[in-house]
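full-length UniProt numbering applies: residue 228 is where the sequence shown begins, and numbers increase by one.
Note that CB positions come from ideal geometry on N, CA and C, so glycine has one too.
Predicted, not measured: the structure shown is a model, and the values here were computed from it.
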Amino acid sequence: AKKQGKNRFYWFEHNMEDELRFRNEIEAGIRRGILNNEFVPFYEQQVDLETGELVGFEMLARWDSPEMGLIGPDIFIPIAEDIGVIAELSENLIGRAFEDAREWDPKLTLSVNISPVQMRDPWFAQKLLKLLVKHRFPANRLDIEITETCLHENIGMVRSMITSLRNQGVRISLDDFGTGYSSLSQLRSLPFDQLKIDRSFISELRKADHSDKLVDAIVSMGDGLSMPVIAEGIEDEAVLKALGRWGNMKGQGYHYGRPEPADKVIKRLAAAGRL
Ligand code: C2E
Ligand code: CA
Ligand code: CA
Ligand code: CA
Numbered sequence: 228a229k230k231q232g233k234n235r236f237y238w239f240e241h242n243m244e245d246e247l248r249f250r251n252e253i254e255a256g257i258r259r260g261i262l263n264n265e266f267v268p269f270y271e272q273q274v275d276l277e278t279g280e281l282v283g284f285e286m287l288a289r290w291d292s293p294e295m296g297l298i299g300p301d302i303f304i305p306i307a308e309d310i311g312v313i314a315e316l317s318e319n320l321i322g323r324a325f326e327d328a329r330e331w332d333p334k335l336t337l338s339v340n341i342s343p344v345q346m347r348d349p350w351f352a353q354k355l356l357k358l359l360v361k362h363r364f365p366a367n368r369l370d371i372e373i374t375e376t377c378l379h380e381n382i383g384m385v386r387s388m389i390t391s392l393r394n395q396g397v398r399i400s401l402d403d404f405g406t407g408y409s410s411l412s413q414l415r416s417l418p419f420d421q422l423k424i425d426r427s428f429i430s431e432l433r434k435a436d437h438s439d440k441l442v443d444a445i446v447s448m449g450d451g452l453s454m455p456v457i458a459e460g461i462e463d464e465a466v467l468k469a470l471g472r473w474g475n476m477k478g479q480g481y482h483y484g485r486p487e488p489a490d491k492v493i494k495r496l497a498a499a500g501r502l
């Protein structure tokens, strides 16, 4: 029994070592990847659900790693936040996205996701406005998506940041709405331009009776706050149909297309006469 215990201890230790080594490799890979421009913007279509018209794109980060292939943001964003490189990573990506989106029909908007870590920087708004100038991208085509996590922190600072960005024409969306813990009074005091209903609520609509009480509650909350809602994660026609009963809204999801790289977007827009 003693020997077995020893072996088990050894095994455990060995695994921790492996894990640590893996983590170190990923961290080094991320730092290297930033220098080598391995992080690339992908884009997901956002449409007017009533007319089906394309209204803009959400930029979603991908890591095109030479060793590991294409890696999703759920893997590398939390690590980039941890090791303090999220701002640099995000600013690079947003700059690239501005350059890409400048080629599109100027009616199309660009949405970008902002980490709560970036929102803690008192200079965030200034940095973003500087990037807009540097890449000559119009502020009124930009929409930033922040999550409720940001609101647990310094709410006064978040409010003034949002206000100064909005004064320049940038729109602010509250992402993953319904999954956090923000209170109604908190929301009323923050000038969001749009609420994004989290996809976990949207997928509920696949049920045959199409009577999701949660979506109902979220949409009427948006109504009450005079904040339009956008639905994410629309995967099929049935969900799209079910959303119809809440009147005109925007949406996005695999039903309209998977996130795709800039060159695919250009081809899509060229075919639609929207360059
Ligand atoms: P999110 O902002 O909620 O983005 C939506 C996620 O759902 C994306 O995953 C998208 O590809 C996926 N999705 C879209 N339509 C559908 C659908 O119909 N069905 C299903 N099952 N999924 C759908 P992705 O690209 O893996 O991004 C995951 C998260 O990573 C994002 O969630 C966002 O929070 C974060 N993220 C992405 N890019 C960035 C970035 O540049 N900066 C920061 N801070 N976070 C980012
Ligand atoms: Ca988002
Ligand atoms: Ca979301
Ligand atoms: Ca999400």
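Can K477 be considered in contact with ligand 3, in the sense that its beta carbon sits closer than 7 Å to one or more heavy atoms?
Checking the Cβ of K477 against ligand 3 gives no.
In angstroms, rounded to a whole number, what distance separates the CA positions of S409 and D425?
Rounded to the nearest angstrom, the two C-alpha atoms are 14 Å apart.
For I253, which residues of its own chain have a beta-carbon under 7 Å away from its beta-carbon, when the five flanking residues on both sides are left out?
So the qualifying residues of the chain are I306.
For the candidate residues L411, D332 and V466, whose alpha-carbon lies nearest to that of S438?
The shortest C-alpha separation from S438 is found at V466.
Would you report the Cα separation of Y483 and G279, rounded to the nearest angstrom?
Y483 and G279: Cα-Cα distance of roughly 9 Å.
Mapping DSSP to helix, strand and coil, what is E487?
Strand at E487.
Figure out for me which residue from A328, N242 and P455 has the closest Cα to the Cα of D490.
Among A328, N242 and P455, the Cα nearest to that of D490 is on A328.
For the alpha helix (DSSP H) containing P305, name the first residue and the last one.
P305 -> alpha helix (DSSP H) spans P300 to D309.
Please look up how many angstroms separate the CB atoms of E271 and P486, rounded, as I've assumed it's under 8 Å.
At roughly 4 Å, the Cβ-Cβ gap stays under 8 Å, so E271 and P486 are in contact.
Within this structure, are the beta carbons of V282 and D291 separated by less than 8 Å?
No, they are not a contact pair.
What are the uninterrupted segments assigned as alpha helix (DSSP H) that are 4 or more residues long and contained completely in the segment 390 to 422, given in chain order?
Whole alpha helix (DSSP H) segments, 4+ residues: 411 to 415.
With distances taken from CA atoms, which of S342, M346, R398 and S338 is nearest Q479?
Of the listed residues, the one whose Cα sits closest to Q479 is S338.
Whole-angstrom Cβ separation of F419 and I445, contact assumed at under 8 Å?
With a Cβ gap of about 13 Å, F419 and I445 do not count as contacting.
Say the cut is 7 Å; is the CB of D309 nearer than that to a heavy atom of ligand 2?
Flag unset: Cβ of D309 not near ligand 2.
Can G299 be considered in contact with ligand 1, in the sense that its beta carbon sits closer than 7 Å to one or more heavy atoms?
The answer is yes for G299.
Could you pull out every residue in the same chain whose Cβ sits closer than 8 Å to the Cβ of I457, ignoring the five residues on either side in sequence?
Answer for I457: Q273, S400, Q421, L422, K423, I424, M476, K477, G478 and Q479, listed in chain order.
Select from T376, L355 and D301 the residue whose C-alpha is nearest the C-alpha of A366.
Ranking the options by Cα distance to A366, first place goes to L355.
In whole angstroms, what separates the C-alpha of M384 from that of T390?
Approximately 10 Å between the Cα atoms of the pair.
Under a three-way DSSP split, which group does K477 fall into?
In this structure, K477 counts as strand in the three-state DSSP scheme.
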